[in-house]
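Note that the protein sequences, when read in sequence, are chains A and B.
All the letters of the first sequence, read from the start, carry residue numbers 1 to 416 under this note's numbering.
All the letters of the second sequence, read from the start, carry residue numbers 1 to 416 under this note's numbering.
Think of the CB as a built atom: it goes at the ideal place given N, C-alpha and C, for glycine as much as any other residue.
Number of protein chains: 2
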Amino acid sequence: MVNIAVLGFGTVGSGVVDVIEQNEKSIRRRVNEEIVVKYILDIRDFEDSPYKHLLTKNIDDILEDKEVSIVVEVMGGKEYAYTYTKRALLSGKHVVTSNKELVATHGAELLAIAQGKNVNYLFEASVGGGIPIIRPLNQCLAANEISEIYGILNGTTNYILTQMIKHGQRFEDALKDAQEKGYAERNPEADVEGHDACRKIAILSSLSFGFQVDAEKIHTEGITKITLQDVAYAEEIGSVIKLLGIGKKVGEKVFARVSPVIIPREHPLAGVENVFNAILVKGNAIGDVMFYGQGAGKMPTASAVVADIIDIVRNIDRNNRVMWDVSEEEVLVDIAQTNTAYFVRVKTEDKGAVFEQVNKNFKGCSFISIEDESVQDEVAFITPEKQEKELQQVLNDINNMPCVSTIYNVIRVMKE
Amino acid sequence: MVNIAVLGFGTVGSGVVDVIEQNEKSIRRRVNEEIVVKYILDIRDFEDSPYKHLLTKNIDDILEDKEVSIVVEVMGGKEYAYTYTKRALLSGKHVVTSNKELVATHGAELLAIAQGKNVNYLFEASVGGGIPIIRPLNQCLAANEISEIYGILNGTTNYILTQMIKHGQRFEDALKDAQEKGYAERNPEADVEGHDACRKIAILSSLSFGFQVDAEKIHTEGITKITLQDVAYAEEIGSVIKLLGIGKKVGEKVFARVSPVIIPREHPLAGVENVFNAILVKGNAIGDVMFYGQGAGKMPTASAVVADIIDIVRNIDRNNRVMWDVSEEEVLVDIAQTNTAYFVRVKTEDKGAVFEQVNKNFKGCSFISIEDESVQDEVAFITPEKQEKELQQVLNDINNMPCVSTIYNVIRVMKE
Numbered sequence: 001m002v003n004i005a006v007l008g009f010g011t012v013g014s015g016v017v018d019v020i021e022q023n024e025k026s027i028r029r030r031v032n033e034e035i036v037v038k039y040i041l042d043i044r045d046f047e048d049s050p051y052k053h054l055l056t057k058n059i060d061d062i063l064e065d066k067e068v069s070i071v072v073e074v075m076g077g078k079e080y081a082y083t084y085t086k087r088a089l090l091s092g093k094h095v096v097t098s099n100k101e102l103v104a105t106h107g108a109e110l111l112a113i114a115q116g117k118n119v120n121y122l123f124e125a126s127v128g129g130g131i132p133i134i135r136p137l138n139q140c141l142a143a144n145e146i147s148e149i150y151g152i153l154n155g156t157t158n159y160i161l162t163q164m165i166k167h168g169q170r171f172e173d174a175l176k177d178a179q180e181k182g183y184a185e186r187n188p189e190a191d192v193e194g195h196d197a198c199r200k201i202a203i204l205s206s207l208s209f210g211f212q213v214d215a216e217k218i219h220t221e222g223i224t225k226i227t228l229q230d231v232a233y234a235e236e237i238g239s240v241i242k243l244l245g246i247g248k249k250v251g252e253k254v255f256a257r258v259s260p261v262i263i264p265r266e267h268p269l270a271g272v273e274n275v276f277n278a279i280l281v282k283g284n285a286i287g288d289v290m291f292y293g294q295g296a297g298k299m300p301t302a303s304a305v306v307a308d309i310i311d312i313v314r315n316i317d318r319n320n321r322v323m324w325d326v327s328e329e330e331v332l333v334d335i336a337q338t339n340t341a342y343f344v345r346v347k348t349e350d351k352g353a354v355f356e357q358v359n360k361n362f363k364g365c366s367f368i369s370i371e372d373e374s375v376q377d378e379v380a381f382i383t384p385e386k387q388e389k390e391l392q393q394v395l396n397d398i399n400n401m402p403c404v405s406t407i408y409n410v411i412r413v414m415k416e
Numbered sequence: 001m002v003n004i005a006v007l008g009f010g011t012v013g014s015g016v017v018d019v020i021e022q023n024e025k026s027i028r029r030r031v032n033e034e035i036v037v038k039y040i041l042d043i044r045d046f047e048d049s050p051y052k053h054l055l056t057k058n059i060d061d062i063l064e065d066k067e068v069s070i071v072v073e074v075m076g077g078k079e080y081a082y083t084y085t086k087r088a089l090l091s092g093k094h095v096v097t098s099n100k101e102l103v104a105t106h107g108a109e110l111l112a113i114a115q116g117k118n119v120n121y122l123f124e125a126s127v128g129g130g131i132p133i134i135r136p137l138n139q140c141l142a143a144n145e146i147s148e149i150y151g152i153l154n155g156t157t158n159y160i161l162t163q164m165i166k167h168g169q170r171f172e173d174a175l176k177d178a179q180e181k182g183y184a185e186r187n188p189e190a191d192v193e194g195h196d197a198c199r200k201i202a203i204l205s206s207l208s209f210g211f212q213v214d215a216e217k218i219h220t221e222g223i224t225k226i227t228l229q230d231v232a233y234a235e236e237i238g239s240v241i242k243l244l245g246i247g248k249k250v251g252e253k254v255f256a257r258v259s260p261v262i263i264p265r266e267h268p269l270a271g272v273e274n275v276f277n278a279i280l281v282k283g284n285a286i287g288d289v290m291f292y293g294q295g296a297g298k299m300p301t302a303s304a305v306v307a308d309i310i311d312i313v314r315n316i317d318r319n320n321r322v323m324w325d326v327s328e329e330e331v332l333v334d335i336a337q338t339n340t341a342y343f344v345r346v347k348t349e350d351k352g353a354v355f356e357q358v359n360k361n362f363k364g365c366s367f368i369s370i371e372d373e374s375v376q377d378e379v380a381f382i383t384p385e386k387q388e389k390e391l392q393q394v395l396n397d398i399n400n401m402p403c404v405s406t407i408y409n410v411i412r413v414m415k416e
């Protein structure tokens with residue numbers, strides 16, 4: 001019998017308890033042990049819950065109970081979660097979490113403590129909800145040097161973009177729709193500004209490349225500026241706009257970024273719609289591998305947490321050697337030094353002049369036009385692939401042209 | 001130090017040796033052990049190989065060497081591979097394989113022997129080449145009751161179908177093209193007749209549902225009868241034709257089938273092109289999860305084999321509890337009892353009569369027409385979803401109509 005304690009009886013926490021109960025048979029087929037929820041920590045009371053007798057408000061009940069070998073931290077946030085996780089690991093208990101913020105910020109430290117205590121700190125549910133990605137990265141892909149990992153890491157923004165692309169909803173309406181369906185929070189900032197995707201790509205990059213990539217330092221743009229006109233231009237060139245998190249090995253450093261990207265319809269990520277997530281991994285032996293599924297939701301996330309619990313039960317006496325280092329030097333490449341292509345839309349009252357000047361000064365731009373009344377006073381084009389620094393200079397110059405009144409939007413373009 | 005022996009120095013075998021050498025650093029990050037290839041068994045000589053000193057023709061050299069703890073069987077076939085695998089397991093050595101034929105046929109027995117000897121029999125590379133699917137099924141999805149697993153399991157046929165769909169190549173030409181590119185064998189039967197996909201769905205079903213599903217009993221159809229006309233009709237209804245392997249839990253039994261299926265373009269499998277494979281898993285907690293990647297090839301397959309080796313090195317002292325039972329009763333559902341819809345194309349000199357009679361006798365059929373000279377003497381339609389038994393009866397009746405000269409083709413249609 002293995003006793004576990006669940007910290008936080010919210011959506012994921014109650015899902016974990018449900019999955020353990022519902023799938024008991026399937027779990028027993030994999031581990032010859034009964035998994036028992038001995039405590040649930042929450043400051044709330046849950047008078048009507050069938051698990052009322054398991055509830056405690058005191059973390060010490062759990063940490064001092066030698067019978068509890070696994071602590072499931074699904075409370076979220078960084079403060080209590082951090083303290084409790086650290087104390088649990090230091091007292092020799094395994095910890096399983098879905099808390100991406102905590103892993104992205106304190107992952108290196110917590111993993112090192114776990115290794116020192118010969119226990120595990122597992123976080124499959126922190127990225128991609130129920131999609132198995134962390135464990136495949138560690139195990140199945142252990143035989144590969146990973147050169148790049150990128151994908152659609154946030155279901156809310158992917159739902160909004162899908163509504164814009166497929167149903168012509170404006171951003172604001174699609175967001176409202178997502179909120180009504182429960183896909184977006186009332187305060188949607190963490191999703192639509194890209195912060196959630198940023199934490200996930202920080203975790204994936206740290207794991208893939210072996211050293212801590214700080215989320216706060218990753219260049220992050222959200223989707224709030226994307227309009228239906230942008231979507232239409234992308235469609236015109238056989239592409240769609242997706243919010244991508246990208247991590248890439250560049251020499252001994254890492255390039256990481258979260259931003260909308262215009263990608264060709266043929267790209268495997270282009271067909272990933274609604275709240276689905278997908279993560280593409282490039283390995284030197286394996287080539288491209290993609291993992292696809294529901295990136296959030298009570299049961300998918302809970303099932304990933306329970307998979308981690310099962311993994312620990314099967315390896316209760318050993319650390320899994322998952323770690324990443326904290327580098328003293330800056331590990332991130334300056335985004336200004338990296339190459340990309342821009343899609344640019346400028347407002348002008350003299351299209352001819354813009355055409356002429358862009359053509360004259362910036363070789364290799366290709367112009368796009370769509371039939372839409374709302375874009376009558378604008379010119380849109382895609383730049384060749386250049387360093388971001390140079391492209392920013394190009395944008396400055398364009399902005400300074402007398403015939404240009406404003407730059408509507410700039411979106412990166414994936415060229416392959 | 002962990003010593004391994006590689007049985008078979010063909011494409012995959014030499015890839016395994018390469019991956020272990022090339023990715024030594026990445027491997028050492030995961031396992032604190034050196035992995036050393038001590039023997040390579042092959043009947044050939046390889047005079048010029050840098051690994052010449054490791055070669056042996058005598059399996060006893062390997063089985064009697066107590067220092068060898070892992071045997072990598074990548075020789076293929078069922079006879080020697082079976083004998084050697086069994087002897088290796090019985091002598092207490094772990095075995096890793098890419099041999100789908102052997103796993104599909106003798107999996108239950110070999111896994112039971114492995115469990116009895118407290119060693120592992122791992123076969124990640126047997127399905128989906130480098131795509132991590134077996135381990136996620138076992139571990140990441142352990143928290144789920146799996147209700148269905150299906151996908152594109154054969155790269156050769158997917159390449160051929162992609163050529164037909166995207167480039168208008170006829171089956172014969174696309175096959176020749178695949179052979180020239182090295183994607184298809186000179187004798188392509190195992191691929192194009194669906195046998196390879198059949199073995200893989202047998203393995204996936206056995207693993208997902210917990211009892212041996214015999215490949216020989218699975219209803220299997222290949223793609224040799226698919227024509228460009230079929231492809232055009234599918235396109236007309238916004239669909240594509242894919243060769244799918246399907247395993248599904250039906251009560252206490254399993255429904256399994258390999259056949260071409262017309263699937264909607266929006267389906268995640270529709271965009272899986274060329275030699276890529278993709279496998280969709282439905283779990284009760286996780287929802288739909290898809291795994292995508294190169295389903296074959298030297299390095300992807302070798303990387304899956306090496307991932308298994310690493311897994312064993314990390315768990316050298318224990319069995320992983322992967323097993324499936326051999327059921328005394330028939331586990332497969334009779335395909336005649338299962339529901340599906342058919343796309344039917346009949347040759348006729350009197351289209352009007354066929355329309356009329358089909359409409360009159362078989363309620364709910366929808367007719368499709370395409371603009372193509374080659375289909376002037378035919379009628380095509382999709383039946384409603386019914387038991388295969390009933391549909392076969394419908395086909396008989398259609399075939400017996402005086403106005404119908406022949407049934408060109410029948411392809412199953414995925415309705416959702």
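- In terms of Cβ geometry, valine 31/A and valine 6/A do not form a close pair [threshold 8 angstroms].
- Chain B has no Cβ within less than 8 angstroms of the Cβ of tyrosine 150/A.
- About 4 angstroms separates the Cβ atoms of leucine 122/A and aspartate 308/A, confirming a contact at the 8 angstroms cut-off.
- Interface flag for aspartate 311/B against chain A is set, since a Cβ pair is found closer than 8 angstroms.
- Contacts between proline 136/B and chain A, judged by CB atoms closer than 8 angstroms, involve Pro132, Arg135, Pro136, Cys140 in chain order.
- Inside the region 100–133 of chain B, DSSP marks whole alpha helix (DSSP H) runs of 4 or more residues at positions 100–116, from first to last along the chain.
- Residue range 287–294 is occupied by the beta strand (DSSP E) that includes methionine 290/B.
- In the three-state reduction of the DSSP assignment, histidine 267/B falls in the coil class.
- Contact between threonine 383/A and cysteine 365/A holds, with the beta-carbon distance rounding to 5 angstroms and staying under 8 angstroms.
- Identification of chain B residues near glutamate 73/A by a Cβ-Cβ cut-off of 9 angstroms yields none; the smallest Cβ-Cβ distance measures about 17 angstroms.
- At a beta-carbon threshold of 9 angstroms, the residues of chain A lying near isoleucine 27/B are Ala142, Ala143, ordered along the chain.
- Distance check between proline 50/A and each of Glu73/A, Val74/A, Ser14/A places Ser14/A closest, using alpha-carbon atoms only.
- Annotation for arginine 412/B: the continuous beta strand (DSSP E) segment containing it runs 404–413.
- Linking glycine 76/B to alanine 296/A through their CA atoms gives a straight-line distance of about 41 angstroms.
- Aspartate 325/B is bridged by DSSP to Phe211/B.
- With fewer than 16 other Cβ atoms from the protein chains shown falling within 10 Å of its own Cβ, lysine 166/A counts as exposed.
- Proline 268/B has a beta carbon lying within less than 8 angstroms of a beta carbon in chain A.
- Contact between serine 374/B and glutamine 212/B does not hold, since their C-beta atoms are separated by about 45 angstroms, which reaches or exceeds 8 angstroms.
- Counting C-beta pairs closer than 8 angstroms gives three or more between the region 192–199 of chain A and the region 93–109 of chain A, which meets the contact rule.
- Membership of arginine 314/B in any beta strand (DSSP E) is not indicated; the residue belongs instead to the alpha helix (DSSP H) covering 298–314.
- Here the alpha carbon of alanine 278/B sits roughly 42 angstroms from the alpha carbon of isoleucine 407/A.
- A residue is called buried once 16 or more other Cβ atoms fall within 10 Å of its Cβ, and aspartate 311/B is buried on that count.
- Of the residues Val231/B, Ala143/B, Val71/B, Ala353/B, the one whose Cα lies closest to the Cα of glutamate 24/A is Ala143/B.
- As computed with DSSP, histidine 219/A is found in a beta bridge with Arg257/A.
- Any Cβ of chain B closer than 8 angstroms to the Cβ of glycine 293/A would place that residue at the interface, and such an atom is present.
- Interface annotation, glycine 182/B: not in contact with chain A, CB-CB separation never under 8 angstroms.
- Straight through space, the alpha carbons of asparagine 359/A and glutamine 294/B are spaced by roughly 41 angstroms.
- For aspartate 288/A, the residues of chain B that pass the 9 angstroms Cβ criterion are Phe276, Tyr292, Gly293, Gln294, in the order they occur in the chain.
- Chain order gives the chain B residues near valine 306/A as Ala142, Ala143, Asn144, Ala285, where near means a beta carbon separation below 9 angstroms.
- About 19 angstroms separates the beta carbon of isoleucine 40/A from that of isoleucine 27/A, a gap too long to meet the 8 angstroms contact definition.
- In chain order, Leu137, Ile146, Ile149, Gly247 place their CB closer than 7 angstroms to the CB of serine 208/B, counting only its own chain and leaving out the 5 sequence neighbours on each side.
- Sixteen is the threshold: since fewer than 16 other Cβ atoms of the shown chains lie within 10 Å of the Cβ of threonine 83/A, the residue is exposed.
- Residues Asn361 of the same chain have their beta carbon placed closer than 7 angstroms to that of aspartate 397/B, with the five preceding and five following residues left out of the count.
- Glu73/B is the residue among Ser98/B, Glu79/B, Glu73/B, Asn99/B whose C-alpha sits nearest the C-alpha of alanine 88/B.
- Neighbourhood of proline 300/A in chain B, by CB distance below 8 angstroms: Ala285, Ile286, Gly287, in chain order.
- Under the DSSP assignment, histidine 167/B falls in the alpha helix (DSSP H) whose first and last residues are 155–167.
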